[in-house]
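I have placed the structure first, in the form of structure tokens, so that the comments after it can refer back to it.
Protein chains: 2
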Amino acid sequence: MQRLKHSDPDFETRFARLVDGRRESDEDVSRTVADIIARVRAHGDTALAEYTIRYDKFAPASEDDWQISAATCEAAYKALDGDVRDALQLAADRIRAYHEAQLPANRDYTDDVGVRLGATWRGVDAAGLYVPGGRAAYPSSMLMNAIPAKVAGVERLVVTTPTPKGEVNDLVLAAAHIAGVDEIWRVGGAQAVAALAYGTERIAPVDVVVGPGNAWVAEAKRQLYGVVGIDMVAGPSEILVIADGENDPDWIAADLLSQAEHDPTSQSILITDDANFAEQVEDRVDVQCAMLSTNRTARESWDANGALIVVEALEDALPLANRLAAEHVELAVADPEALMKGLRHAGSVFLGRHTPEAVGDYVAGPNHVLPTGRRARFASGLSVLDFMKRTSFIALDEKSLASIGPAAVTLAHLEGLPAHAKSVELRLK
Amino acid sequence: MQRLKHSDPDFETRFARLVDGRRESDEDVSRTVADIIARVRAHGDTALAEYTIRYDKFAPASEDDWQISAATCEAAYKALDGDVRDALQLAADRIRAYHEAQLPANRDYTDDVGVRLGATWRGVDAAGLYVPGGRAAYPSSMLMNAIPAKVAGVERLVVTTPTPKGEVNDLVLAAAHIAGVDEIWRVGGAQAVAALAYGTERIAPVDVVVGPGNAWVAEAKRQLYGVVGIDMVAGPSEILVIADGENDPDWIAADLLSQAEHDPTSQSILITDDANFAEQVEDRVDVQCAMLSTNRTARESWDANGALIVVEALEDALPLANRLAAEHVELAVADPEALMKGLRHAGSVFLGRHTPEAVGDYVAGPNHVLPTGRRARFASGLSVLDFMKRTSFIALDEKSLASIGPAAVTLAHLEGLPAHAKSVELRLK
């Protein structure tokens, strides 16, 4: 963990290192992934079977074994404890409500020269969702990725997930049941992404692939971008807490640790205008961390990537926050609204002392799939828009074509495209 | 050009070939582009200068020579003929109006348990626009790419364009003046995209890179996706005309040729329910083509990629059109509205007999940067959204946290994330 003081002479150097520091792996897997994609494209299910044995040590015993059935998911749902089922259902309902309100409006209007213009939004026909195997598979992620697709109107929502040595994650299956997933295939890695993009004999191709994954999965999505649509590449998670000295240091320490416990590459940063408060938080982090079952991960993350930054005034936090462009930003201050106005880059903002980031991970409603690694400068959280596309339309009649057509003829000639000009001229006669 | 009849026994085989046929180059430039990006990242302007001499045969004579000034663009604008200036201005005004109406609404509401939720859209700080050199540089493309960025609120809009042997395109500069471009740098290729993404000593980095380019530029954008945001990879242009026999065959022939004249890889397809009409169009294509100054390109495109498809009834065109998912779809029929309802995948639709696709290229208002190569299945035309990002926000108070917080605690424990649970539990006490 680093301690920075805004007034220190070396502040800029150290802060810049914090902003530019890459916590993402640079692993060059592009050649291997290109090979996997080419093989799946050429050999379909045969290639999938080979990779699934090699990487997941799993060989389906029968044709049915390639999929996890809707009945299995329903059974997993029914086997949940009541309070767990209620919590997942509350989360699903709230996520659905938020994303339904996010649906974009179609446009259709006629302008002052009589040209009818507009745009129609539609869900894609089919979407694929990559769900990692093992520790990284969370039921909450299933809800956050699958529900927006269904709200967008996607008719066929396909999950691929590795089942190492045949092992499945019942919580994730229960969440798939709640979200209304249509197919689940027991394949993972770059080969699963290739199968989703190009299709195989068993798996029909999809139009969009989303979901988190390791370096191979991320690289496969990148290479297949254009064959299908993809969501933003996700990196290690991060939180920036901007807090004044009036907070309970235990609360803020827990918030920092809630990010740190995800992964050793996670990052937790506190900016405060109160140096004493920073010390108290540091102390509470150490105490709480020792008691966590996730102690090892949280400790490693906090030691390697954590930072406490002391500024003279809370407003001084804003330019720093905008440079960090963090995935999650908590504003634990008396007037969070005022600070938010000046915050240009953030994935999601948590306002006030009673909004711990973790409520956003589960039940608040907005998506928890958010831009990481300074990408909030240009990227947004996952939304229904990732599963939709827009078709614009134009309708002219004789009169409106007479009004704007001649300008099109002029520009077409200017650009050396006579057939463009001709197609308008013929109709102007 | 191919003639297909829906009722022919080999129709499906031949149509599938049309749908799956790739007209895009498979050129493997990834290694070269990776090297260029690495060198620009490491050596900045020195690398840019080397590549600019090597590929563009251009060595700036002075520091000023790296840029094209606002004064130069203004002079180019003032030197335009009156009718050209008016046409460009009309186009710019109509593009601006359409894209202003496209700006997304912010959200801010409090739900029934007292949780305040919402999302704020903001333009990115800086955007880069790649403008090809030579033949492919069109003033209309400058307007279509630059105006949405400015409407989105982008403060710094940076153009990079190669100037082979120092040559500049005055029409493009005039359009840059109209669109309000802030900087123009005389660099091109993958090295320009790398400079935009990572910045150099002279060029400050941007957040989003858009614009068409050759295979090197497209590959550079793909490799830098995630460092910056990018627009969809664009392939060869295409038009699908669905027309009944009541059209003037000359009009439809001109529409098909307006696409064919772009590039030998362009594709023009007519689907009609009238076999005689198809023959008439074929005849008129040949006659008109012979008279075009773009004859060679149009001929090559039509011969290699054109198709005339005869169906029994117009409704039969819809499933075919949805499989083609074309960039441009003209509905030259009596009731275009009815057909549009069944058209699920298209970049842009042109309704009725008086809406030639070329009006959309220039003056209608909607963007002419549209998804190609079947990507309308999942992608949309360029819009203000490509230059904006959304920040979600959440605000709870004691009462609303008491309402939904316990479910978050349950789910956090379920996922083995005790610090997540703790951050909520502490506030529930």
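So the sequences go chain by chain: A and B.
Letter by letter, the first sequence follows residues 2 to 430 of my numbering.
Letter by letter, the second sequence follows residues 2 to 430 of my numbering.
Just so you know, even glycine gets a beta-carbon here, dropped at the ideal spot from N, CA and C.
Nearest residue (CA-CA) to residue i, options the options
{"i": "V211 (chain B)", "options": "B:T201, B:V234 and B:D183", "result": "B:V234"}
{"i": "A76 (chain B)", "options": "B:G134, B:D251 and B:D171", "result": "B:D171"}
{"i": "E316 (chain A)", "options": "A:M341, A:F388 and A:R117", "result": "A:M341"}
{"i": "E156 (chain A)", "options": "A:E184, A:G167, A:A359 and A:E331", "result": "A:E184"}
{"i": "G366 (chain B)", "options": "A:I395, A:R297 and A:L325", "result": "A:I395"}
{"i": "D36 (chain A)", "options": "A:L104, A:A221, A:I204 and A:D21", "result": "A:A221"}
{"i": "M337 (chain B)", "options": "B:A326, B:P320 and B:H355", "result": "Before going on, a small fix: residue 337 (chain B) reads as Pro here, not Met. Minimum Cα distance to P337 (chain B) is reached at B:H355."}
{"i": "A255 (chain A)", "options": "A:D232, A:V30 and A:V360", "result": "A:V360"}
{"i": "D66 (chain B)", "options": "B:R203, B:V330 and B:R391", "result": "B:R203"}
{"i": "A432 (chain A)", "options": "A:R42, A:V30 and A:L258", "result": "No information on residue 432 (chain A) is available, as it lies outside the stretch 2 to 430 that chain A covers here."}
{"i": "D467 (chain A)", "options": "A:L258, A:V34, A:R297 and A:T298", "result": "No statement about residue 467 (chain A) is possible, as the shown extent of chain A runs from 2 to 430 and does not include it."}
{"i": "I179 (chain B)", "options": "B:L427, B:E64, B:A71 and B:L321", "result": "B:A71"}
{"i": "K390 (chain B)", "options": "A:A377, A:L118, A:Q192 and A:W217", "result": "A:A377"}
{"i": "K58 (chain A)", "options": "A:V20, A:A17 and A:P163", "result": "A:P163"}
{"i": "E51 (chain A)", "options": "A:R23, A:A102, A:G135 and A:G190", "result": "A:G190"}
{"i": "Y110 (chain A)", "options": "A:Y78, A:L397, A:G417 and A:S424", "result": "A:L397"}
{"i": "L386 (chain B)", "options": "B:A80, B:A102, B:T266 and B:A326", "result": "B:A102"}
{"i": "V30 (chain B)", "options": "B:R223, B:V116 and B:R95", "result": "B:R223"}
{"i": "A175 (chain B)", "options": "B:W217, B:L427 and B:A80", "result": "B:A80"}
{"i": "P165 (chain B)", "options": "B:R55, B:T266, B:A177 and B:D87", "result": "B:R55"}
{"i": "S8 (chain B)", "options": "B:L325, B:G374 and B:A318", "result": "B:A318"}
{"i": "E13 (chain A)", "options": "A:F278, A:A62 and A:P320", "result": "A:P320"}
{"i": "A216 (chain B)", "options": "B:V194, B:D21 and B:V160", "result": "B:V194"}
Where residue i sits in the DSSP three-state scheme
{"i": "S384 (chain A)", "result": "coil"}
{"i": "L415 (chain A)", "result": "helix"}
{"i": "L258 (chain B)", "result": "helix"}
{"i": "S8 (chain A)", "result": "coil"}
{"i": "K390 (chain B)", "result": "strand"}
{"i": "S349 (chain B)", "result": "strand"}
{"i": "A308 (chain A)", "result": "strand"}
{"i": "I395 (chain B)", "result": "strand"}
{"i": "V41 (chain A)", "result": "helix"}
{"i": "V218 (chain A)", "result": "helix"}
{"i": "V207 (chain B)", "result": "coil"}
Rounded Cβ spacing between residue i and residue j (contact assumed at less than 8 Å)
{"i": "S294 (chain B)", "j": "Q260 (chain B)", "result": "The pair is not a contact, with the Cβ atoms about 16 Å apart (cut-off 8 Å)."}
{"i": "D188 (chain A)", "j": "T53 (chain A)", "result": "Correcting the residue type first, residue 188 (chain A) is Val in the shown sequence and not Asp. Right, the Cβ-Cβ distance comes to about 6 Å (below 8 Å), so this counts as a contact."}
{"i": "L431 (chain B)", "j": "G382 (chain B)", "result": "The structure shown does not extend to residue 431 (chain B), since chain B is modelled only from 2 through 430, so no value can be given for it."}
{"i": "D245 (chain A)", "j": "V334 (chain A)", "result": "5 Å"}
{"i": "A420 (chain B)", "j": "E262 (chain A)", "result": "5 Å"}
{"i": "V182 (chain B)", "j": "A147 (chain B)", "result": "6 Å"}
{"i": "F388 (chain B)", "j": "P149 (chain B)", "result": "6 Å"}
{"i": "A92 (chain B)", "j": "S141 (chain B)", "result": "7 Å"}
{"i": "M145 (chain B)", "j": "V173 (chain B)", "result": "Not really, about 12 Å apart at Cβ, beyond 8 Å."}
{"i": "A322 (chain B)", "j": "I243 (chain B)", "result": "7 Å"}
{"i": "L429 (chain A)", "j": "V85 (chain B)", "result": "That belief does not hold up - the Cβ atoms of L429 (chain A) and V85 (chain B) are roughly 18 Å apart, past 8 Å."}
{"i": "A106 (chain A)", "j": "T392 (chain A)", "result": "That belief does not hold up - the Cβ atoms of A106 (chain A) and T392 (chain A) are roughly 14 Å apart, past 8 Å."}
{"i": "F379 (chain A)", "j": "D208 (chain B)", "result": "4 Å"}
{"i": "R24 (chain B)", "j": "G214 (chain B)", "result": "Rounded, the Cβ-Cβ distance is 17 Å, inconsistent with contact."}
{"i": "N306 (chain B)", "j": "Q268 (chain B)", "result": "4 Å"}
8 Å Cβ cut-off: residues of chain E touching residue i
{"i": "M143 (chain B)", "result": "In the structure shown, chain E does not exist; the protein chains are A and B."}
Residue i: CB within 8 Å of a non-hydrogen atom of the ligand ADP
{"i": "N107 (chain A)", "result": "Absence of the ligand ADP from the depicted structure is noted, as is the absence of any ligand whatsoever, leaving it without description."}
Enumerate, from N- to C-terminal direction, the unbroken beta strand (DSSP E) stretches of 3 or more residues contained entirely within the stretch 315-340 of chain B. 329-333
Decide yes or no for the touch test of the stretch 405-412 of chain B against the stretch 127-137 of chain B: beta carbon pairs closer than 8 Å, at least 3 of them. no
In chain order, which continuous runs of the beta strand (DSSP E) of length 3 or greater are located wholly inside the stretch 148-196 of chain A? 157-161 and 184-186
For the stretch 227-294 of chain B, list the alpha helix (DSSP H) runs that are entirely contained and at least 4 residues long, ordered along the chain. 250-261 and 276-292
At 4 residues or longer, and completely inside the stretch 73-146 of chain A: list those alpha helix (DSSP H) runs for me, N to C. 83-101
At a cut of 8 Å, does the stretch 119-129 of chain A reach the stretch 398-408 of chain B through at least three beta carbon pairs? no
Indicate whether the contact test is met: 3 or more Cβ pairs, each with one atom in the stretch 213-230 of chain B and one in the stretch 239-257 of chain B, closer than 8 Å. no
Are at least three pairs of beta-carbons, each pair with one atom in the stretch 263-277 of chain A and one in the stretch 300-312 of chain A, less than 8 Å apart? yes
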